[in-house]
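Undergrad:
Number of protein chains: 2
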Amino acid sequence: MKDLEGRKRVVIEHVSPQIGSGRFPVKRAIGEKIIVSADVYGDGHDEVRAVLLYRPLKDQQWIETPMNFLGNDHWEAAFMPETPGMYEFTITGWVDHFLTWKKGLQKKYDAGQDVKVELMIGAQLMEDALSRASGEDAWRLQDWVEKFKDPQEALPLVTLALSPEVAGIMYIHGDRSQAGQYNRVLVVEVERKKALFSSWYEFFPRSTSREPGRHGTFKDSEQILPRVAEMGFDVVYLPPIHPIGRSFRKGRNNSVTSQPGEPGSPWAIGAAEGGHKAINPDLGTMEDFVAFVRHANELNIEIAIDLALQCAPDHPYVKDHPQWFKWRPDGTVQYAENPPKKYQDVLPINFETEDWQNLWVELKSIIDFWIDKGVTIFRVDNPHTKPFAFWEWAIREVRSVHPEIIFLSEAFTRPRIMERLAKIGFNQSYTYFTWRNTQFELIQYLTELTKTEVREYFRPNFWPNTPDILPEMLQHGGEPAFITRVVMAGTLSSNYGLYGPVYEFGINTPVAPGKEEYLDSEKYEIKHWDWDRQTKIRQVITRLNQIRQENPALQTTWNIQFGETDNQQLLCYAKVDESGDNRMLMVINLDPHHVQAGWIKVPIQFLRIPAGNAYVVNDLLSGNRYNWHHEWNYVELHPGNIPVHIFRVE
Amino acid sequence: MKDLEGRKRVVIEHVSPQIGSGRFPVKRAIGEKIIVSADVYGDGHDEVRAVLLYRPLKDQQWIETPMNFLGNDHWEAAFMPETPGMYEFTITGWVDHFLTWKKGLQKKYDAGQDVKVELMIGAQLMEDALSRASGEDAWRLQDWVEKFKDPQEALPLVTLALSPEVAGIMYIHGDRSQAGQYNRVLVVEVERKKALFSSWYEFFPRSTSREPGRHGTFKDSEQILPRVAEMGFDVVYLPPIHPIGRSFRKGRNNSVTSQPGEPGSPWAIGAAEGGHKAINPDLGTMEDFVAFVRHANELNIEIAIDLALQCAPDHPYVKDHPQWFKWRPDGTVQYAENPPKKYQDVLPINFETEDWQNLWVELKSIIDFWIDKGVTIFRVDNPHTKPFAFWEWAIREVRSVHPEIIFLSEAFTRPRIMERLAKIGFNQSYTYFTWRNTQFELIQYLTELTKTEVREYFRPNFWPNTPDILPEMLQHGGEPAFITRVVMAGTLSSNYGLYGPVYEFGINTPVAPGKEEYLDSEKYEIKHWDWDRQTKIRQVITRLNQIRQENPALQTTWNIQFGETDNQQLLCYAKVDESGDNRMLMVINLDPHHVQAGWIKVPIQFLRIPAGNAYVVNDLLSGNRYNWHHEWNYVELHPGNIPVHIFRVE
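Going down the list, the protein sequences come from chains V and C. Taking this note's numbering, the leading residue of the first sequence gets -1, the next gets one more, and so forth. Taking this note's numbering, the leading residue of the second sequence gets -1, the next gets one more, and so forth.
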C-alpha cells in the first residue's frame, strides 16, 4: 500500500499518437502539427484539467500547453517544433477544486441560494493558493482571502470569483500535488521538410555519354543535371556506383554468362578495385563524384546513392572477412538463392556471424564514408533481407550525428515487414502504389496509408516504375497510362520518384509477356539516351513538378479526401494544406483506352466551400477554368488528350 | 552496442488479447478459450517458428503450445485453463534453419539439381542438434549425421530428411539460442463460471412481510427464497441492510422531510445502532442474516449485498473519524450535492483525506466482514464516485484471498469511466442496455460490447429495470415491453437481473411524466407484495431461466451474430456455444403496440447450417416447431401473445 499514490484521482489513457506502446518514435516533418489527444478524467463530478507537456529530447524544462476538452472525456492539444530533432511529450492532469467550486457557486447563486458558506470555502481555496504564490500574485490573493473570508454582500464577490483575473491566478498557483502523469513519455521525430516532400529522378550514370557505346561517367552525368533540375526534380538517385564483380557477371537480359566488354549489374558490388567505398573506375574518380554532387547541390538537387549490402564474389570483404559469409561443406561460399533459383553473382552477408559487432560497425562506416562525400540520401536496396535490429541501430547512430540524412526503404515485400522497416527508422518507404490501378484499390490503399496508425510512421514514396518493375498498366496503357500514373504518384503522395529516362520516353516493352522486367534492361547494359528529346510525358512531368512546388496542399500526403463518382473509371480526390488556404482537386481517368465521363461529388466541406456557394476550379495543366455551383459536377477525360485534371479551387 | 541482441532476428508484435499495453489483465471465465494471436516474422526468407507460452501466475514452468500460421505473418494458438485464477502468457519465436533447409532441399531435388552439398549441409544442422540431444534422440541423430555427411544416393536421404520422425527430433533439439521473446508477459484472469453466467433477482427484505404494514425481516425473506429459486434465479441481491440514518431522513417519494414511522432510504447508511457492519434491527439480527444466507445457498442461490460507501450524518464514522469527511467553514459537515441540488441525508467520504490509508483499510474490512457472513457477491453502488485506485487495490486484495468473490459495478455514467471500472477489476458491470430500444441501437451497442477491445474486460449485466430506473419503454409499452425487455436481457447477455417484484407485477407508473423514477418508490417506503400472484411476465421469466440453464449458447455473451431483417421493428440474433452443438436463434418484436411481421435472414453460416439444407427451429417458449429451408424466413409476432421467439436450431 505504501507504493500506491492513493490520492491521485485522475486517469490518463488512450494517448495518441503513439506506436507500439511508445516503443518507436512517431514521425513528423517541419511544418506539421503534432496533435496529441487523450482521455483524461477522474472519479465523481469534480472538474479536471489536462495539460500537454513537451520538450526537445533530453532538455530539462517541459513546455506546457493546456489541452482542450472535446467532450466524452476526450482532450486535445498540439505543438509544432520549428527545428528538426527528437521531441518528447506526455500529459499531466489533476482535479481542480477551484474550478469545481466556481461552477457550484455560480449554480447556487443563480438558484437564489445563500452562498455565504460557499464564499468562505472560496477563501480557503485562495488561502491554499496563497501558500504557493509570491510577489504581486501573493498580494492579490491575500486581498481576496480577506474579502471572501468574511463575506458581506454576495454579488460583488461572486462576480470577482468568476472573473478571468481570479481564474488566471488560481490556475497558476493551483494545487498540483496530486496531479497524475501519463505513465509513458512518448517520442516524436521531427524531420526536415524533404523527408515529406521530395521528387526523385533515377538514372544510370553509365548511360549518360553523348557518344553511343562509350561508358558514361560522372562528368557526363553532370551534363544531365540541368535538364533534371529544369524538370523540377530535387533528388537524383543513382544505382550503385561501385566496382562491379567479374565472377559470374550477368550479361544482357540477365543471362547467366556475360560477353567480354559487358558491364554487368551494378548491384554485383565489389571487385579487385574495391568494394562499397570505391568508385567504379569506368565512371571516373572519387573527385569526379564529389564534383558531381557539388554541381547537383548548386542546382538544389540532392544526391541519393544506393546502399546494397551484398557482395560480388570478388568483393574484398570475402577475402578479408570470410567470417561474414556462409561457407558450404565443399569449401565454396554461399551465394544468394531462392530455391531452385541461384544468384551466383551475389553473396548475401551472414548477419548471424559471431563477428556481428565488427560487421555492423564496418557496414555503418560505408554510410559515414558517403555522407563525407556529400551524399545526404540513401536508397536502401532490399533492407528486408537484413536484420531489423541492424537497421534500427545503424539509422539511429547515423542520424544522431547527421539528423538530415534520409533513408528510403526499397522493400516491396509483406505488409508487416514494410511497416516494421518504417517503424525502426526508415524515413521514406517504397509502396504497393506501383500495382494499385482501380478506384477501389487506390482508395483502400490510400486510406490505409493516411487514416490508420500507419500514418504515424510510414512515409510513402510513390514510384510508377523502377529498373526492376515495368508494371503491366504501363505495358498495356501506353502514353495515357504514363501520364495518369505519374500524376497520381505526384499528387497522391508528396514523395514520389521515377526511373527517369525510360519513363520520359515511354519505354514499355517487357522481357517476356506477363513479366514485369524491362526488355534489354539497363541493369545489364549501357544505354544511349537522346537526352534532348521532348515528349508529352516529359512536359506533363515538368508541369506536375511546378504545380507541386507552387501548391503546399501537394507537399503533404496526409490531408486527402476522396470524392464519390458515378463512374468507377474516374478517381476524384481533394487535398488541403495545413493553413486551409491552398485547396486542390484531382480527377483521373483510370482507363488508358477510352474516354471516361461522369459526375463527381466534390468534397466541398473538406475543401471549406460553403454549401450553395459558387466556386471556380482552375485546371493548372490545361489552364481551363470552370465555374461550379454544386457538389456534383460533370467531367470528361480523353486518353488522347491529358486524361487528368489538377484543379486549384479558387 | 553491447546491450543489443544483434543476432535475434525475429519480431513479435500486435499480440492479442491485451488491454492498455498489458496494464490490466484480460478477463475470461472457466470454459472460455484464450485465443492468442500475434504477428511473428523475421527478415529475409528464412522459416520462422512461433510458440505460445503460458502458466499459472508465479509458476516456474511455462507450458508450450506451437502457434499456427494463418497467413500474412499472423499466428494463433489457444489455451483453456481448468481452474480459476491468474494466468500469464507470452510468445517466443525463432528462425528455424532446419525448416528452411528442408524446404530448399525439396525444391532443388524436385527441380532435378544435384543436392549432394545440400545433404552435407543437412548433416551440419543435425550435428548441431546432436550437441543438445541425449539418450535415444542422440543415437538417432548420430546415425543420421553419418548418413548425410557422405551422401551417396540422394532419394533415400531426401525422403528421410522430409520424414515426420526427423522433423520431430529436429524440432525438439532445434537451436533456440537466438529466439526472441515478446517484450511483455500478459495476464489473464480466469474466473468461475458465475462471473459470466448469472441471473439476479433484487428485492427489498423490508417488503417481505405477509402482514400489511409490518416491517419485513430476514425470516420473512427466507419465505421468498423458494419462489425465487423456482423462477430460476441464482443470485438474490439485497439493497443495503444496515441501520438507516435519522437526520434528514427522506420521506415517501423522496420528500425532504419524513413522517414519524417512515423507514427512510436504505442507502442512507449508519445510525446509532451502527454502520456498514451492522444490521438494521428492523430486519432482524446478524444470526438471522447468516441463516438467510445459508438457506439461500441450499437453494443454489448466492446472496449479493449492496456496497454503498457513503454515510448518513448519524453514521458512527462521522464522530469516530471526522478526518474522513469534509468540514465546511461554518463547522458543519459537507453533504452530497449536485448544485443546486442538495442531498443532506448522505455524506460523501472524502477520499482525499491525508488519512486515506486507514480509510482504505477500514472500507476493505467491510467487504471482508460480509464475506465472513457468507456473502459472495457485492453490487457496488456508485463506484464511479470513489477513486479508481481504491477499487483496484480493494478488489485485488480481496480476490487474492477470495478469488470467488464477484463485484458488480453499478455505474450508468460516462463510457470511459464505466470501462475503467471494469478494467481495474469489477467482474460485472451495469450497462446502457436499459435505454437501448431500437434495432440500430441494440446492434450497435452489442457490437461495441462483444466485437471490440471492450469484450476483453467488460462483462455486461443487463437490467431492464432497477429501483432507480423505470425506463420509458416499460412505462409506455406495458406487458409486451416487460416480456421483450427481459427476454432480450436474458438472451443478449449471459448475466442479467431484475428489480423483481415490481417487474413481475408489471408496475410502471412514474413519479411524474417524463421521469424514470417509480411512483411511491420502494426506496422510501415498505411495500406489501402479493408474492403468490402469478403473472404472464412471471411465467415468461421462469421459462426464460429454464431455457438459459438448458442451453449453453445462452451462457455466454460473446458468440452473438445479428441477422438482417426487412422490418426494423424486428430484432434477430443467433448464438452458438463453444462446442458449436447448441445453436439458438432469437427474434424479438421491438414494437409493444403492434403486430410486426417480416422476413429475417438466418445467419446460417454462423449457425453451421450447410447452405441448401433444411433445418428445424423449435420455439422453446411456445413449443412450436418450424421446418425452414432457406436463409430468409417469414415471422409474425403479436404483442398480445408472446412477442418473441427463442428458437433452438435442430
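A virtual CB, placed ideally from N, CA and C, is assigned to each residue, including glycine.
1) Taking a contact to mean a Cβ-Cβ separation below 7 Å, would you say Val13(C) touches Gly40(C) in this structure?
2) Counting only runs that start and end within the region 349 to 434 of chain C, where is the alpha helix (DSSP H) found for 4 or more residues in a row?
3) Around the C-beta of His240(C), are 16 or more other C-beta atoms found within 10 angstroms, so that it is buried, or is it exposed?
4) Establish whether the CB of Lys192(V) and some CB of chain C are separated by less than 7 Å.
5) So which residues of chain C does Lys362(V) contact, with C-beta pairs closer than 7 Å?
6) Using the beta-carbon count (16 or more within 10 Å), is Asn459(V) buried or exposed?
7) Give every residue of the same chain whose Cβ lies closer than 8 Å to the Cβ of Ile28(V), excluding the five residues on either side of it in the sequence, and list them in chain order.
8) Closest to Val115(C) by CA distance: which of Glu300(C), Ile415(C) and Gln150(C) is it?
9) For Asp286(V), collect the residues of the same chain with a Cβ closer than 7 Å to its Cβ; drop the 5 residues on either side in sequence, then sort them by chain order.
10) Under 7 Å between C-beta atoms, does Thr667(C) make it to chain V?
11) Thinking Val585(C) and Leu568(C) are a contact (beta carbons under 8 Å), I'd like their distance in whole angstroms, please.
12) For Val9(C), would you say it is in contact with chain V, using Cβ-to-Cβ distances shorter than 7 Å as the test?
13) Around the C-beta of Ile301(V), are 16 or more other C-beta atoms found within 10 angstroms, so that it is buried, or is it exposed?
14) Residues of chain C with CB under 7 Å from Ala109(V), in chain order?
15) What residues in the region 79 to 94 of chain V have a beta carbon less than 7 Å from any beta carbon of chain C?
16) Using a Cβ cut-off of 7 Å (strictly closer), state whether Ser19(C) contacts chain V.
17) Ends of the beta strand (DSSP E) at Gly166(V)?
18) If you draw a straight line from the alpha carbon of Gln140(C) to that of Gly178(C), how long is it in whole angstroms?
19) Please name the residue, chosen from Ala551(C), Tyr522(C) and Gln473(C), that lies closest to Asn493(C) on a Cα-to-Cα basis.
20) With which residues is Gly133(V) paired in a DSSP beta bridge?
21) Exposed or buried, Leu153(V), counting other C-beta atoms within 10 Å across all chains shown (16 or more means buried)?
22) Does DSSP put Gln553(C) in a helix, in a strand, or in coil?
23) Anything in the region 397 to 419 of chain C with a Cβ closer than 8 Å to a Cβ of chain V? List those residues in chain order, please.
24) Scan the region 113 to 136 of chain V for residues whose Cβ lies nearer than 7 Å to a Cβ of chain C and list them as they occur along the chain.
25) Given this structure, state the Cα-to-Cα distance separating Arg536(V) from Glu296(V), to the nearest angstrom.
26) Rank Asn616(C), Asp518(C), Lys0(C) and Trp630(C) by C-alpha distance to the C-alpha of Glu260(C) and give the top, closest one.
27) Using beta carbons (cut-off 7 Å, strictly below), is Met582(V) in contact with chain C?
28) Quick check: what's the CA-CA separation for Ser197(V) versus Gln342(V)?
29) Any chance the region 495 to 508 of chain C sits against the region 452 to 466 of chain C, with 3 or more Cβ pairs inside 8 Å?
30) Work out the CA separation of Val164(V) and Arg130(V) for me, nearest whole Å.
31) Tell me, please, whether the CB atom of Gln179(C) is closer than 7 Å to any CB atom in chain V?
32) Buried or exposed: where does Pro15(C) fall if 16 or more other Cβ atoms within 10 Å of its Cβ makes it buried?
33) Could you confirm whether any beta carbon from chain V is found closer than 7 Å to the beta carbon of Lys106(C)?
34) Excluding the 5 residues preceding and the 5 following Leu155(V) in the sequence, name in chain order all residues of the same chain whose CB lies nearer than 7 Å to its CB.
35) For Thr88(V), which of Asp530(V), Leu184(V) and Ile467(V) has the nearest alpha-carbon?
36) Sorted by chain position, which residues of the same chain lie with C-beta nearer than 7 Å to Asp312(V)'s C-beta, five sequence neighbours on each side aside?
TA: Taking the definition as stated:
1) Indexing the second sequence from 1 puts residue 13(C) at position 15. Indexing the second sequence from 1 puts residue 40(C) at position 42. Not closer than 7 Å, so no.
2) 354 to 370, 386 to 399 and 413 to 421
3) By one-based count along the second sequence, residue 240(C) stands at place 242. Buried, since its Cβ has 16 or more Cβ neighbours within 10 Å.
4) Looking up residue 192(V) in the first sequence gives position 194. Taking Cβ atoms only, chain C never reaches closer than 7 Å to Lys192(V), which makes this a no.
5) As a working mapping, residue 362(V) is identified with position 364 in the first sequence. Result: empty, since nearest Cβ-Cβ is about 10 Å, beyond 7 Å.
6) Position 461 of the first sequence, counted from the start, is the residue given in the question as residue 459(V). That one is buried.
7) Position 30 of the first sequence, counting from 1, holds the residue named residue 28(V). Within the same chain, Ile28(V) has close Cβ partners Pro79, Glu80, Thr81, Pro82, Val188, Glu189, Arg190 and Lys191.
8) Reading the second sequence from its first residue, position 117 is the one you call residue 115(C). With distances taken between Cα atoms, Val115(C) lies closest to Gln150(C).
9) Mapped onto the first sequence, residue 286(V) falls at position 288. Result list for Asp286(V): Thr215, Phe216 and Lys217, in chain order.
10) Here chain C has residues from -1 to 648 only, and residue 667(C) is not among them.
11) Sequence index remark: in the second sequence, residue 585(C) carries index 587 (1-based). Sequence index remark: in the second sequence, residue 568(C) carries index 570 (1-based). With 8 Å as the limit, Val585(C) and Leu568(C) qualify as a contact, their Cβ atoms being about 6 Å apart.
12) Here the question's residue 9(C) lines up with position 11 in the second sequence. So, interface residue.
13) Along the first sequence, one-based indexing puts residue 301(V) at 303. Buried, by the Cβ-count rule.
14) Counting from 1 along the first sequence, the entry for residue 109(V) is found at position 111. Within 7 Å Cβ-Cβ: Pro338.
15) none
16) Position 21 of the second sequence holds residue 19(C). At least one chain V Cβ lies under 7 Å of Ser19(C).
17) The sequence position of residue 166(V) within the first sequence is 168, counting from 1. Segment Pro162 to Ile170 is the alpha helix (DSSP H) holding Gly166(V); no beta strand (DSSP E) there.
18) The sequence position of residue 140(C) within the second sequence is 142, counting from 1. The sequence position of residue 178(C) within the second sequence is 180, counting from 1. Taking the straight line from one Cα to the other gives about 29 Å.
19) To locate residue 493(C), count along the second sequence from 1; it is residue 495. Of the listed residues, the one whose Cα sits closest to Asn493(C) is Ala551(C).
20) Mapped onto the first sequence, residue 133(V) falls at position 135. According to DSSP, Gly133(V) bridges with nothing at all.
21) Taking the first sequence and counting its residues from 1, one reaches residue 153(V) at position 155. When all chains shown are included, Leu153(V) counts as exposed.
22) By 1-based counting over the second sequence, the position of residue 553(C) is 555. It is helical.
23) Arg412, Pro413, Arg414, Ile415 and Arg418
24) Val115, Met118, Ile119 and Gln122
25) Locating residue 536(V) in the first sequence gives position 538, where the first residue counts as 1. Locating residue 296(V) in the first sequence gives position 298, where the first residue counts as 1. Looking at the two C-alpha atoms, the distance is approximately 23 Å.
26) Indexing the second sequence from 1 puts residue 260(C) at position 262. Residue Asp518(C) is the option with its Cα nearest to Glu260(C).
27) The residue given as residue 582(V) occupies position 584 in the first sequence. Chain C, which has no Cβ nearer than 7 Å to the Cβ of Met582(V), makes this no.
28) As a working note, residue 197(V) is residue 199 in the first sequence. As a working note, residue 342(V) is residue 344 in the first sequence. Between Ser197(V) and Gln342(V), the C-alpha separation is close to 35 Å.
29) yes
30) Residue numbering aside, residue 130(V) sits at position 132 when the first sequence is read from its first letter. Residue numbering aside, residue 164(V) sits at position 166 when the first sequence is read from its first letter. Each residue's Cα considered, the two are about 15 Å apart.
31) The residue given as residue 179(C) occupies position 181 in the second sequence. Output row for Gln179(C): interface = no.
32) The residue you call residue 15(C) lines up with position 17 of the second sequence. Burial check for Pro15(C): the Cβ neighbour count within 10 Å reaches 16 or more, so the residue is buried.
33) Looking up residue 106(C) in the second sequence gives position 108. True, the Cβ-Cβ gap to chain V drops below 7 Å.
34) Reading the first sequence from its first residue, position 157 is the one you call residue 155(V). These residues qualify, in order along the chain: Leu117, Lys145, Phe146 and Pro149.
35) Position 90 of the first sequence, counted from the first residue, corresponds to residue 88(V). Selected option, being the one with the closest Cα: Leu184(V).
36) What you label residue 312(V) is simply residue 314 of the first sequence in a count that begins at 1. Result list for Asp312(V): Gly243, Arg244, Ser245, Gly268, Ala269 and Ala270, in chain order.
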